[in-house]
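Since the structure comes first, as structure tokens, the remarks are kept for the end.
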Amino acid sequence: MSVASYAILVFLALARYNAEITNSTSNCMESGCSDDKQCRDGNNEDCNDETSLDCQCKSNYTRGLIVTCYDAFSEKAKHVYSVPIAQNGTPIPDPIWYHRFDTDVHTLRVDVDNIQQKAYIYHSTVQSIYKNPNYNLGNSTENLWTVLYKGLSSGVVSLAVDWVSHNIYWTDPTFKWIMVQSLSSTDTSMFRVLIQENLYRPHALAMDPSDALLFWSDIGRFTTIEVSSLSGRNRKTIVISNLLRTNGLTADHQGHRLYFADTERDTVETVTYDGTDRKILLAKARSSLIDVAVYQDSLYVADMGALYVINKTNGNAFSMEIGKDDFGYAGVAVFHEEAQPVTDRCQDYGCAHICLTELGGATCICKDGYNLNEDNKTCSLISTYFHRALVFSNASSICILDITVLADFVFDPVCVLETTGTKYMAMDTDQRNVFIANDTAIYWTSVDNRNLQLLAQLSGSISGMSWDGYDRNVYWTESDTGKIWRTSIESKTAHMFLEGLAKPRDVLILPHHRLVYWISERNGSTIESSNINGSQQHIVLQYNDSLKWNSLSYNPYRNRLYFLGILEDEERTDIINCNLDGSNRASNNAMYRILNTLEIYKGYTMVTSYEDELTTITFHSLDDIDYMTEGECTDAGAISVIKVFDENNRQNETGPCFLLNGECEQICIPNGMSRMCKCVFGFMLSEDGKTCMSDPVKDDFMLVGDVSHTNMYQIRLNDTSVQGIKAKGIKPRYDPIHDRVIWLTLFGKNIYSMYLNGTGQTYFPIDRNAYIFDVDVSTGNVYFASKKRYTSDYFISVMSPDGKHHDLRVGLLYVYGLVVSPSDGYMFYIHNNTLVRDTMNGTHPETLLEDVHASGGLTVDFKTGYLYWIERSSDPEGFLIVYCKADGSNRTTLYTFETSSLNKYEPNSLAIHEDDLFITISKQS
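Numbered by mature numbering (1 follows the signal peptide of the UniProt record, and there is no 0), the letters in the sequence shown go through residues -19 to -1, 1 to 906 in order.
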């Protein structure tokens, strides 16, 4: 048994004993037993005989945690525990009950409504929210979980229950919205998309119904935390920097503070409701901090390895285990009336559909598909069909599916319009119109009356159609005439847009960019483009392979083109994407079947295939490459085209930060219909209000790499001020000969370089993963250690300033440190528990020390010639700073890091300047 394991076990035994004593005496006395040993609340506890000070709590506690746990065998979160907590906030390790779901269940997030005694769980396998209508800490929930809402997407869905007005909110990171559903109604359709403008991937969610505030994290190019009213109004971004993947969020209504867990930063932090007074409460490297809940002075953090309890006032923390067959925790929520004070402003407000708490009052909203009437309480139906749906055509009909069907595995469409031979379709969501085309003509109809009208007769064979929502024109390609045409509902007259094209097809309009794209056949498939006025026609992407490209689409969230590449001989289809200028071509997924159509919606690609008289619709998540779901479309026949109709989609795409990040170089913050640009740590906003700049330091500075954020900084040695470097990377070094910064990237096969002011960036490719390096300041040569993929071989190589590199040492074991001393003509490195000195051409390696259990940080003091490095101590969790002379003599421990399993610091790297030794440290807990 390791020392670390022993420490945790000893602590858990003490915690259990102390919790039992607290529960059976002082806490029991405080919460129910009077001096004459009579219980004031017999439903909560019983007193023992009159001569005893002990009380015995009954099974139906009213204060505790509900925790979801991963199963050690299936690695799915299938266990739900009810855990009592003492009045001081300490959980009692023995749960009162637990429920194990069946093998197909993957329960993640959880929240409770203590007033109505109901619990809610996100069930990711069937992409649904489940409810328990009669939850309390003492009752088993064996067969009480039923579906509340079905149709969530993939990703981290978070729940938050408004215990005042009895509504439930949740985030959907792939559909990119926040929804709300009434818990007071038996109508399961009583839900509405509350917020979807200017959202990228909403994750964590929390609320304070007492102050009518809703908080969420949005994980995009730069992760942020936002706040709004419970009706989605008055949005404000309160945390804009130094966030990565904020998966857990909770609000303390008593202290008016927000607590959040960042999975990639490995931290639990807190800010006030306005985003100020930010503090780190827990930092634990290589953890998986997932969810967080608060009760009085205690904070509960769910981690894949433990459940942490943190005192929110002094930061003291300990870990504990719940259950015997679990290895991690997925969600945690507090269950107690004190955590949920009650003043229901909606009780007598009279909303027809959904009532939301507002500060000092309430407001009514309508469920999806309805508008609020002038009385601000009743609702009117907008239209019977088409609010948010998949629309597709087959040989005889136009059919629809609710957008949430991806939670099912068999799709049952509703066909609403009879047509013949529909080949292409386009959507005007602003005016609720649909355009369809067959071999001879283009027709249009209103979604609401479905009265098909002729728009244009075709002069050739139609091969694609697209809608321009700005100029309100329909465009189409004709492959046999080599032309692109356009018309409008108002004119109903066809105008030739371009001619002389090579079998054009799949025309695509990008109204925001004022660009037109199409696919041509020029020695293989080619993507071409022009401005919306027909000028500047050019080839965007040409690839001479055997793939036939079609179904050209646009992903506005990533600002990239997507299309299908079909290899008919192998019955394979690739989903391919590239930048708008054709650069950075990549393939997302390959499917070994012929796909017919492609559509992009939110965070999904949707493709259709037709085999054995059965149509399959497949959904791929763009955010999670491993996620795919598909369903069979009953009695649909072959689908010729599929589109998405969403009334709010175009409004979202015209948000102030949506297109090109609002022209902000770094962070774009929506501010009503306008936007504000912000800069990350180390940069300041330029006078143009868009770009970010820093003031490069020319002398007396050190370079630091932030591995979590892959940011690089200069720190002035005289005043410790920080300047950002305009590049993403790790482990930067400075080449004073050429005045350049050199750096690596995580798992990259390039070595990068640029001037300190951010100009002249270049890179040199290598055929393996470089992970540490040093610079010869006399020549500018870079010495680096690397590993070749799929082998166990490590190398030490040298690269000249022009990018030419040569291997010096091959067949090594892992190299923990590498440093060069050009004035002495040596390089030093550590591998296989040995410290080695070698000539700088790698021809004379000499072992200086053995039994060197290094973890990195090898550096040299050029003033004394001494070597310094980081070494693991005999304590498996301990670390030493060790030094020796350049010949290996006088090995000495300079500093010992005192550690324990719950308070661990790990040094990562060393640097020496004059008489000072600088150390970077990761705090493990």
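Think of the CB as a built atom: it goes at the ideal place given N, C-alpha and C, for glycine as much as any other residue.
Reference residue i, options the options, closest by Cα
i	options	result
G70	D94, V275, V208 and S146	V275
L522	I490, L561 and N514	L561
S532	G481, I623 and S564	I623
F156	D774, V428 and N629	N629
S759	Y807, G798, S734 and G686	Y807
F316	A242, V91 and N215	V91
M657	N642, C336 and Y538	N642
L382	L698, V625, T204 and K99	V625
M160	A283, L133 and I73	L133
E178	E502, G636, R216 and E592	G636
L843	S804, T873 and T824	Rather than Leu, the amino acid found at residue 843 in this sequence is Phe. The shortest C-alpha separation from F843 is found at S804.
D349	G481, S802, Q434 and I384	I384
L576	R566, G584 and R553	R553
G823	I556, L224, F809 and R697	F809
N565	R44, Y543, E459 and I176	Y543
A437	E355, D409, T474 and D255	T474
H834	H825, I851 and I221	I851
N113	I102, L528 and D393	I102
R453	E471, M446 and E459	E471
K99	W144, Y849, S139 and D783	W144
N430	K769, I363 and S903	I363
K712	V722, D783 and T873	V722
E895	E480, M821, H825 and G846	G846
R267	V128, D555 and D243	D243
Residue span of the beta strand (DSSP E) that contains residue i, given as start and end
i	result
E459	N454 to E459
M301	A298 to M301
V863	F860 to C865
P888	Y886 to H894
H786	H786 to L793
G546	R541 to L548
L553	It is Arg, not Leu, that sits at residue 553 in the sequence shown. Residues R553 to N560.
Q97	Run containing Q97: none; DSSP gives neither H nor E here.
N228	T227 to D233
I777	Y775 to M780
D819	T815 to T820
C380	S378 to D383
M160	W158 to S163
S689	That residue, S689, is in no beta strand (DSSP E); it is neither H nor E in DSSP.
A619	Element bounds for A619: n/a, residue is neither H nor E.
V208	T205 to S210
S279	S279 to D284
W144	Run containing W144: none; DSSP gives neither H nor E here.
H812	Y807 to H812
Anticipated Cβ contact below 8 angstroms, residue i with residue j, distance rounded
i	j	result
Y775	L793	4 angstroms
L239	V249	Going by Cβ atoms, the distance from L239 to V249 rounds to 12 angstroms, so no, they are not a contact pair.
S300	Y289	5 angstroms
I508	W457	With a Cβ gap of about 17 angstroms, I508 and W457 do not count as contacting.
L496	S510	6 angstroms
Closer than 7 angstroms: residue i CB and nearest the ligand SAH heavy atom
i	result
V252	Summarising the ligand content, the structure contains no ligands, and the ligand SAH is consequently not present.
Quiz item: Between the stretch 233 to 252 and the stretch 180 to 197, do at least 3 Cβ pairs fall closer than 8 angstroms?
Solution: Contact between the stretch 233 to 252 and the stretch 180 to 197 is present, because at least three Cβ pairs lie under 8 angstroms.
Quiz item: Between the stretch 527 to 543 and the stretch 489 to 506, are three or more C-beta pairs nearer than 8 angstroms?
Solution: yes
Exercise. List in chain order: all unbroken beta strand (DSSP E) runs of 3+ residues lying wholly within the stretch 176 to 201.
Key: 183 to 189 and 194 to 199
Quiz item: Can you give, in chain order, each stretch of the beta strand (DSSP E) that sits fully within the stretch 459 to 518 and has at least 3 residues?
Solution: 464 to 468, 476 to 479, 486 to 491, 496 to 502 and 506 to 512
Quiz item: Quick one: complete beta strand (DSSP E) runs, 3+ long, within the stretch 626 to 673?
Solution: 648 to 652 and 655 to 659
Self-check item: Segment contact flag, the stretch 453 to 471 with the stretch 434 to 441, C-beta cutoff 8 angstroms, min 3 pairs
Solution: yes
Self-check item: Complete runs of the beta strand (DSSP E) confined to the stretch 693 to 736 [at least 3 residues]
Solution: Runs of the beta strand (DSSP E) lying entirely within the stretch 693 to 736 and spanning at least 3 residues, in chain order: 703 to 709, 711 to 716, 721 to 725 and 731 to 736.
Quiz item: Counting only runs that start and end within the stretch 408 to 444, where is the beta strand (DSSP E) found for 3 or more residues in a row?
Solution: As far as the stretch 408 to 444 is concerned, its whole beta strand (DSSP E) runs of at least 3 residues are 414 to 418, 422 to 427 and 434 to 438.
Practice problem: Could you say if the stretch 367 to 377 and the stretch 396 to 405 meet the contact criterion of at least three C-beta pairs nearer than 8 angstroms? | Solution: yes
Practice problem: Check whether the stretch 665 to 679 touches the stretch 214 to 229, taking contact to mean three or more Cβ pairs, one atom from each stretch, closer than 8 angstroms. | Solution: no
Self-check item: Three-pair Cβ contact test at 8 angstroms for the stretch 727 to 736 versus the stretch 745 to 759
Solution: yes
Quiz item: If we count Cβ pairs, one from each stretch, closer than 8 angstroms, do we get three or more for the stretch 337 to 355 versus the stretch 140 to 150?
Solution: yes
Quiz item: Should the stretch 406 to 426 be called in touch with the stretch 650 to 666, which here means at least 3 C-beta pairs below 8 angstroms?
Solution: no
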